[in-house]
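K.L.:
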Amino acid sequence: MSETRWLDDAQQRDWRAYIEGSIRLHDLLDQSLKSMHGLSSAEYEILVQLSEAEGRRLRMAELAEYASQSRSRLSHTCGRLERKGLVRRETCPDDKRGVFCRLTDTGFATLEKAARDHVETVREFFIDVVEPADLEAVGRAFTAVSQQVRAVR
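Using the working numbering, you'd call the opening residue of the sequence shown number 29 and step up by one each time.
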């Protein structure tokens, strides 16, 4: 059995700062989207992914991966979005077992409005308070983290 590699004081400080800051920022962004647009962060992310996809649609399995949600959670979230008229689920024409999720025109219009406010909040509480070199380092760091996590999944 290998020995535990404990964090040193600086690593512990930085890890805790990341945890606290990311939780607080996520909560703030989620509350902002909910209060201004009636969308959760998870719903917003689905709309973003669909808006960037060809034909504004993705297979549910792809969408789950891109939106970092389990298929079960995604199904429930898409159900809420469908009831709001923001997305529509459709059977794949060439694979009757497959299901597409498509962004509706109403969904796209909702996303356009929400994105304007969302980016202002992201700027105010993240982009504008982090030095450009540090922002680049965060981008590099979390690209590496994301790749490592994907590799073990």
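Just so it is clear, CB atoms sit at the ideal spot from N, CA and C, and this is done for glycine as well.
Hey, quick one: how far does the alpha helix (DSSP H) through Leu-86 stretch, first residue to last?
P.N.:
Premise fails: Leu-86 lies in the beta strand (DSSP E), 85 to 87, not in any alpha helix (DSSP H).
K.L.:
Regarding Tyr-46 and the ligand GTP, is the C-beta to nearest heavy atom distance less than 8 Å?
P.N.:
Because no ligand of any kind appears in the structure shown, any question about the ligand GTP cannot be addressed here.
K.L.:
Considering just the uninterrupted stretch of the alpha helix (DSSP H) at Asp-55, what are its terminal residues?
P.N.:
Counting along the chain, the alpha helix (DSSP H) containing Asp-55 begins and ends at 37 to 65.
K.L.:
For a quick check, are the C-beta atoms of Tyr-72 and Leu-131 less than 9 Å apart?
P.N.:
No, they are not a contact pair.
K.L.:
With 9 Å as the threshold, decide whether the Cβ of Arg-84 is near any Cβ in chain B.
P.N.:
Reference to chain B is not applicable here, since this structure consists of a single protein chain.
K.L.:
Can you look up Phe-127 in the DSSP assignment and give me helix, strand or coil?
P.N.:
Per the sequence shown, the amino acid found at residue 127 is Val instead of Phe. In this structure, Val-127 counts as strand in the three-state DSSP scheme.
K.L.:
Please name the residue in Gln-97, Glu-152, Gly-83 and Val-173 whose C-alpha comes closest to that of Asp-133.
P.N.:
Gly-83
K.L.:
Can you give the beta carbon distance from Phe-154 to Leu-53, rounded, assuming they're within the 8 Å contact cut?
P.N.:
6 Å
K.L.:
Would you list the one or two residues that DSSP bridges to Glu-118?
P.N.:
Phe-128
K.L.:
Hey, how far is the Cα of Ser-50 from the Cα of Leu-56?
P.N.:
10 Å
K.L.:
Gly-113: buried (16+ other C-beta within 10 angstroms of its C-beta) or exposed?
P.N.:
exposed
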